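Enquirer:
Numbering (the working numbering), first residue to last: -2 to 882.
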């Protein structure tokens, strides 16, 4: 059993990960004798490469799954990847563009062959990177959102919801991306503040000289206006209700309608209504039976309904229309206006609201149980403040547009009769060959695919075998905790919740642990455009996966963003080195003890010294505290407690305390010291394992041979017999004394090599007993040549220096700390130096030129220096006087 001299992550990480895989430690099978604990991975896109967000998300999941596995749960971490329809299709099209090939050139089947080849080539890349991070997923169960089982689940859900009347096809306003040429859901629209304009335009009232002024941010859409609206109670315009206005440029009459949607206080109180190009106008149009005129092609050029502007790009048409309005004298004014503009989150193109025939999911009925689940407590968010985000989305939800004009994805299981237009929805196995209405055999399947989130919404149960009633589904569902970022609460979390409730009758998980973003050291979001992204694999290559994981969780609070600093990774690596070196120190001492015939086999708790009981009791409490923090998902707090215990209590205090016993084969308590070292180290390694799996496994397998892996060892639990409160209190008293002595020595520049007598004065018998019992290690830590314990100040010289602790005063003879002649000479030099500094500062402050011309800050700085030097001189002269006396 031995550890290399220096800790080298690269030498152990791949080897250990392979060992875990070979032994199938990550694999979970149904076992009714154990309680299951399940996490489903947020499936990364097959286009993806590991970034810091993935690293954080998967580190948090791995910490939870590893700790639960050790706690005796049958822990399943279900992995897989997402087909990511738009993202993947865009990547494939970019590659095809370089080759000079278009989608049309290839055709659907050949394009899909390319997409599957892409998946083969790049789909596994992110999985291998997650393995580098140490993720203990059950890779035997790896799934893909377009594999056969998931496809079957998607088809089943579509058919069932359609049968219930919850999926329908209709012409509604949707978000349209003119670059990707597909519909996108509300959640995929990012709103950003952009500088724009309000164009104020006069619409003439038919049969009069009157004009009504409207204001719009999109003048080009006036080509599709079918009314203007005013508020029914607006006194200014009541006389116009029911009349017509003339639509400029188009020169046709459109009605003035009264609708409460209009805000009397905003703008002019008159609103142009374009039902085919604005969601609110669409609703107004339905209420007043207005015509819907779409004036735009799929690429955002003006179509034939735009007359002479047909063929122009939307912004080109905007400019031409504004110029024509100027010429007609109908442009009142242009006002600068900052407004929220919807852009596609993938390609950043400004989205156009358009009326399109699309497939939708009716959301009202599905949203209600999802709202109720949170209110009843079946579902909870950590932190709780994200309840509001969840409820806001659900309470204001609109029907979900699920069809996408893409080829890569789950094809919609709807079939059309080319002769009579009948729509038939069916599972693939039951795909119709003849029309159910007219008997025609001219049947074609819908060309569109489903929104990516339609399939990932089913992830917690589709991966366990649904719609079949499998053992896995019965045992592992519902899952326990979902770990994800706050940016996909609407995209994914909400959809999984209502899907789980609708198809399984239960929430898919009871807890949603939300984490924030990993930002750069300046607090900026990591992005390609800023060039500030940090590759987790680069960090792993340089410092090891454990250091990266430890950095990502240290100081991390649920829901909060965190900043990434290279210095913090170095600090995490240094901590790993500290653990490694402490373990090597222990192993070397075991080796020497073995040579001397000393064994720990028969050590009992009665053999332990005060110091041993102190550290054992501390480790015992640590297990209880860390477990409690982890159960509350306070992983950052738990890891800080581990860090403090290992670095300070165990390495800096306990190891120093036991050195005199370890170096002395005659010491009767040496075996107890070795037993305690090993017991406490193993306890700490187990608690640290979920955070730093590799280093803890390597050390664990070298310091003991009872168990083959720390991964499957048992989690430390609080033991009443290891609870030594009195000994904890005693050692804390000694530590307080040591800190006081060290402070005194530091203030007097006494080097650690210079030992001095230490006298403990206390009338309290318990305090005397504490220092008597701890004499051996106290002497080492306090740099004491001798430790004397007495009840009064008898024999203590007047010049002895002292420090005070509770119920005791500690003295050290001055002469033993300092060479008096040397100290006098040093202080006299200090006095000369301070006199010169005082003279210099006084001279400057007495110089009228300096005082009148120098900046006030500079003058104040000199005054502060003078005050400081004068005070220092007084202290040095007092010490010098005391030495001479």
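Quick reminder that beta carbons are idealized off the backbone N, C-alpha and C, glycines included. Here the structure is a predicted model, which means the values were calculated and not measured.
So within the stretch 602 to 680, which uninterrupted beta strand (DSSP E) runs reach at least 3 residues, ignoring any that extend past its ends?
Expert: none
Enquirer: Report the three-state DSSP secondary structure of residue 414 (helix, strand or coil).
Expert: In the chain shown, the residue the question calls residue 414 occupies position 417. Of the three classes helix, strand and coil, the one that applies to residue 414 here is strand, per DSSP.
Enquirer: Identify, in the order they occur along the chain, each residue of the same chain with its Cβ nearer than 6 Å to the Cβ of residue 783, setting aside the five sequence neighbours on each side.
Expert: Here residue 783 refers to the residue found at position 786 of the chain shown. So the list reads 754, once near-sequence residues are dropped.
Enquirer: Flag this pair as yes or no: are the beta carbons of residue 873 and residue 814 separated by less than 8 Å?
Expert: Looking up residue 873 in the chain shown gives position 876. Looking up residue 814 in the chain shown gives position 817. No. Outside cutoff.
Enquirer: Determine the contact status of residue 405 and residue 109, defining contact as a CB-CB distance below 8 Å.
Expert: Against the chain shown, residue 405 aligns to sequence position 408. Against the chain shown, residue 109 aligns to sequence position 112. Going by C-beta atoms, residue 405 is nearer than 8 Å to residue 109.
Enquirer: In this structure, does DSSP put residue 334 in helix, strand or coil?
Expert: If you number the chain shown from 1, residue 334 lands on position 337. In this structure, residue 334 counts as strand in the three-state DSSP scheme.
Enquirer: Would you kindly work out how many angstroms separate the C-alpha atoms of residue 243 and residue 392, rounded to a whole number?
Expert: Taking the chain shown and counting its residues from 1, one reaches residue 243 at position 246. Taking the chain shown and counting its residues from 1, one reaches residue 392 at position 395. Rounded to the nearest angstrom, the gap between the Cα atoms of residue 243 and residue 392 is 40 Å.
Enquirer: Mapping the DSSP letters down to three states, classify residue 136 as helix, strand or coil.
Expert: As a position in the chain shown, residue 136 is number 139, starting the count at 1. Residue 136 falls in the helix class under three-state DSSP.
Enquirer: Alpha carbons only, please: which of 569, 13 and 659 is nearest the one belonging to residue 643?
Expert: Within the chain shown, the letter at position 646 stands for residue 643. Of the candidates 569, 13 and 659, the one whose C-alpha sits nearest the C-alpha of residue 643 is 569.
Enquirer: In or out: residue 585 buried (at least 16 other Cβ within 10 Å) or exposed?
Expert: Residue mapping note: residue 585 aligns to position 588 of the chain shown, counting from 1. Burial call: exposed.
Enquirer: Leaving out five residues on either side along the sequence, give the residues of the same chain with a beta carbon under 8 Å from the beta carbon of residue 708.
Expert: Sequence index remark: in the chain shown, residue 708 carries index 711 (1-based). Closer than 8 Å at Cβ, skipping near neighbours: 17, 22, 63, 66, 67, 133, 686, 690 and 694.
Enquirer: Taking the alpha-carbon of residue 598 as reference, which of 577, 670, 563 and 613 has the nearest alpha-carbon?
Expert: Residue numbering aside, residue 598 sits at position 601 when the chain shown is read from its first letter. Among 577, 670, 563 and 613, the Cα nearest to that of residue 598 is on 670.
Enquirer: Go through its chain and collect everything with a Cβ distance to residue 473's Cβ below 7 Å, but skip five positions before and after it.
Expert: As a working mapping, residue 473 is identified with position 476 in the chain shown. Contacts found: 33, 35, 73 and 461.
Enquirer: I want to know whether the stretch 741 to 755 touches the stretch 634 to 652 - three or more CB-CB distances under 8 Å.
Expert: no
Enquirer: If we ignore side chains and look at the alpha-carbon of each, how far apart do residue 417 and residue 286 end up?
Expert: As a first step, residue 417 must be located in the chain shown, where it is residue number 420. As a first step, residue 286 must be located in the chain shown, where it is residue number 289. Each residue's alpha carbon lies about 27 Å from the other.
Enquirer: My parser needs the beta strand (DSSP E) runs of 3 or more residues fully inside the stretch 9 to 75; what are they?
Expert: 33 to 37 and 71 to 75
Enquirer: Any contact between the stretch 227 to 235 and the stretch 246 to 264? By contact I mean 3 or more CB pairs, one from each, below 8 Å.
Expert: yes
Enquirer: For residue 934 and residue 477, what's the separation of their Cα atoms in angstroms?
Expert: Nothing about residue 934 can be read from this structure; the chain reaches only from -2 to 882.
Enquirer: Assign residue 888 to one of three DSSP states: helix, strand, or coil.
Expert: It is not possible to answer for residue 888, since the shown part of the chain is limited to -2 through 882.
Enquirer: Does DSSP classify residue 359 as helix, strand or coil?
Expert: For the purposes of this step, residue 359 is taken as the residue at position 362 of the chain shown. Three-state result, residue 359: coil.
Enquirer: Flag this pair as yes or no: are the beta carbons of residue 181 and residue 348 separated by less than 8 Å?
Expert: Along the chain shown, read from residue 1 onward, the residue named residue 181 stands at position 184. Along the chain shown, read from residue 1 onward, the residue named residue 348 stands at position 351. Yes; because the gap between Cβ atoms is below 8 Å, this pair is in contact.
Enquirer: From residue 115 to residue 629, what distance separates their C-alpha atoms?
Expert: The sequence position of residue 115 within the chain shown is 118, counting from 1. The sequence position of residue 629 within the chain shown is 632, counting from 1. Taking the straight line joining both Cα atoms gives about 41 Å.
Enquirer: Can you give the Cα-Cα distance for residue 25 and residue 106, rounded to whole angstroms?
Expert: As a position in the chain shown, residue 25 is number 28, starting the count at 1. As a position in the chain shown, residue 106 is number 109, starting the count at 1. Using only the alpha carbons, I get a separation of about 38 Å.
Enquirer: Can you grab the Cα-Cα spacing for the pair residue 747 / residue 768, in whole Å?
Expert: The residue labelled residue 747 in the question sits at position 750 within the chain shown. The residue labelled residue 768 in the question sits at position 771 within the chain shown. About 23 Å.
Enquirer: Hey, which unbroken runs of the alpha helix (DSSP H) at 4 residues or more fall wholly within the stretch 766 to 815?
Expert: Entirely contained in the stretch 766 to 815, the alpha helix (DSSP H) runs reaching 4 residues are, in chain order, 772 to 778 and 811 to 814.
Enquirer: What number of angstroms, rounded off, separates the C-alpha of residue 566 from the C-alpha of residue 43?
Expert: As a first step, residue 566 must be located in the chain shown, where it is residue number 569. As a first step, residue 43 must be located in the chain shown, where it is residue number 46. Rounded to whole angstroms, residue 566 to residue 43 spans 28 Å at the Cα level.
Enquirer: When we look at the beta-carbon of residue 435 and count the other beta-carbons within 10 Å, is it buried (16 or more) or exposed?
Expert: In the chain shown, the residue the question calls residue 435 occupies position 438. Residue 435 comes out exposed.
Enquirer: With a cut-off of 8 Å, does the C-beta of residue 400 fall near any C-beta of chain D?
Expert: Of the chains in the structure shown, none is chain D; there is only one protein chain.
Enquirer: Need the endpoints of the alpha helix (DSSP H) that residue 234 sits in, please.
Expert: Within the chain shown, the letter at position 237 stands for residue 234. Run containing residue 234: none; DSSP gives neither H nor E here.
Enquirer: Nearest by alpha-carbon distance to residue 171: which of 453, 353, 271 and 412 is it?
Expert: Residue numbering aside, residue 171 sits at position 174 when the chain shown is read from its first letter. Of 453, 353, 271 and 412, the residue nearest in Cα terms is 353.
Enquirer: Please go through the same chain and pick out, in chain order, the residues whose beta-carbon is closer than 7 Å to the beta-carbon of residue 362, but skip the five residues on each side of it.
Expert: Reading the chain shown from its first residue, position 365 is the one you call residue 362. Its chain contains 163 as the residues whose beta carbon lies nearer than 7 Å to that of residue 362, once the 5 sequence neighbours on both sides are disregarded; these appear in chain order.
Enquirer: Within the continuous alpha helix (DSSP H) that includes residue 692, where are the two ends?
Expert: Residue mapping note: residue 692 aligns to position 695 of the chain shown, counting from 1. It spans 690 to 700 - the alpha helix (DSSP H) in which residue 692 sits, taken as one unbroken run.
Enquirer: Under 6 Å Cβ to Cβ from residue 396, same chain only, skipping five residues before and after it: list those, please.
Expert: Your numbering for residue 396 matches position 399 in the chain shown. Cβ within range, chain order: 357, 359 and 360.
Enquirer: Can you name the start and end residues of the beta strand (DSSP E) that residue 212 belongs to?
Expert: What you label residue 212 is simply residue 215 of the chain shown in a count that begins at 1. That run of the beta strand (DSSP E) goes 208 to 213.
Enquirer: May I ask you to list the residues that DSSP assigns as paired with residue 269?
Expert: Taking the chain shown and counting its residues from 1, the one referred to as residue 269 is at position 272. Residue 269 is bridged to 225.
Enquirer: How would you write the range of the alpha helix (DSSP H) that residue 126 sits in, first residue to last?
Expert: Residue 126 sits at position 129 when you count from the first residue of the chain shown. Run containing residue 126: 122 to 129, per the alpha helix (DSSP H) assignment.
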